[in-house]
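My numbering numbers the first residue of the sequence shown as 2 and each following residue consecutively.
Just so it is clear, CB atoms sit at the ideal spot from N, CA and C, and this is done for glycine as well.
These notes are about the structure you will find just below.
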Amino acid sequence: SAGACASISQTGAWVHTDPVNGTQLMCDDGPFVLATLALAALKGNPQMPMHAYDHIAATSCAELGFPTRDPTDLVDHCFPGMRKALVLPDEIDPGEDRAGPLEGELYNQGGLQRWAEGRGLNLPVFDNVAGCHCLPGSTAYEAVAELCASSPWNRPPA
Numbered sequence: 002s003a004g005a006c007a008s009i010s011q012t013g014a015w016v017h018t019d020p021v022n023g024t025q026l027m028c029d030d031g032p033f034v035l036a037t038l039a040l041a042a043l044k045g046n047p048q049m050p051m052h053a054y055d056h057i058a059a060t061s062c063a064e065l066g067f068p069t070r071d072p073t074d075l076v077d078h079c080f081p082g083m084r085k086a087l088v089l090p091d092e093i094d095p096g097e098d099r100a101g102p103l104e105g106e107l108y109n110q111g112g113l114q115r116w117a118e119g120r121g122l123n124l125p126v127f128d129n130v131a132g133c134h135c136l137p138g139s140t141a142y143e144a145v146a147e148l149c150a151s152s153p154w155n156r157p158p159a
């Protein structure tokens with residue numbers, strides 16, 4: 002039951018991956034159920050190529066090779082309760098440097114469409130406003146909340 006799942010105390014984690022070359026960019030971890038729901042939301046938006054083969058690992062980011070946390074950036078901007086981890090400190094981490102531009106390519110420069118060609122995907126399912134898949138109250142969602150309210154396709158998971 003949903004109530005029983007809420008009591009699971011295991012940490013869950015997943016890794017953001019560059020779909021062009023398979024490079025692991027960064028990791029998110031947090032409560033197992035939240036990690037599962039967050040990854041499901043990411044698989045339903047233009048970031049899908051970064052998460053197409055991801056699954057939740059019942060472990061921490063440190064165990065997956067991402068031991069570094071920026072003490073000023075502990076809360077995930079999209080899924081509060083999740084925490085970002087890197088290989089190196091934020092200012093010199095190559096995964097962190099690549100992740101932002103890659104998300105921009107997927108959302109705004111046809112990256113999702115190029116990746117989806119030949120895969121038989123229903124692109125309108127993935128075509129939503131950046132941030133609308135995030136949890137209400139998160140900084141990413143609140144920045145676009147009015148846009149998100151304008152369409153049922155642009156709403157976060159309930």
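Check: With a cut-off of 8 angstroms on the beta carbons, I'd call GLY13 and ALA58 a contact; round off their distance for me.; Outcome: 7 angstroms
Check: Pick from VAL16, LEU107, ALA63: whose alpha carbon is nearest that of PHE37?; Outcome: Going by the sequence as given, residue 37 is Thr instead of Phe. Selected option, being the one with the closest Cα: VAL16.
Check: Note down the Cα distance separating GLY105 from CYS135, rounded to an integer number of angstroms.; Outcome: 16 angstroms
Check: Just how far apart, CA to CA, sit SER10 and ALA150?; Outcome: 33 angstroms
Check: Within 8 angstroms, do at least three Cβ pairs link the region 119 to 134 to the region 64 to 72?; Outcome: no
Check: For ARG120, count neighbouring Cβ atoms within 10 angstroms of its own Cβ and tell me buried if that reaches 16, exposed if not.; Outcome: exposed
Check: Here's the rule I'm using: 16 or more other beta-carbon atoms within 10 Å means buried, otherwise exposed. How should SER2 be labelled?; Outcome: Because SER2 sits at a pLDDT of 49, beneath the cut-off of 50, its placement in the model cannot be relied upon, and the point is left open.
Check: If we ignore side chains and look at the alpha-carbon of each, how far apart do GLN48 and LEU35 end up?; Outcome: 18 angstroms
Check: Could you check whether SER61 and ASP91 sit closer than 9 angstroms to each other, using their CB atoms as the reference points?; Outcome: no
Check: Which residue wins for smallest C-alpha separation from PHE33, given the options THR73, GLU147, HIS56?; Outcome: HIS56
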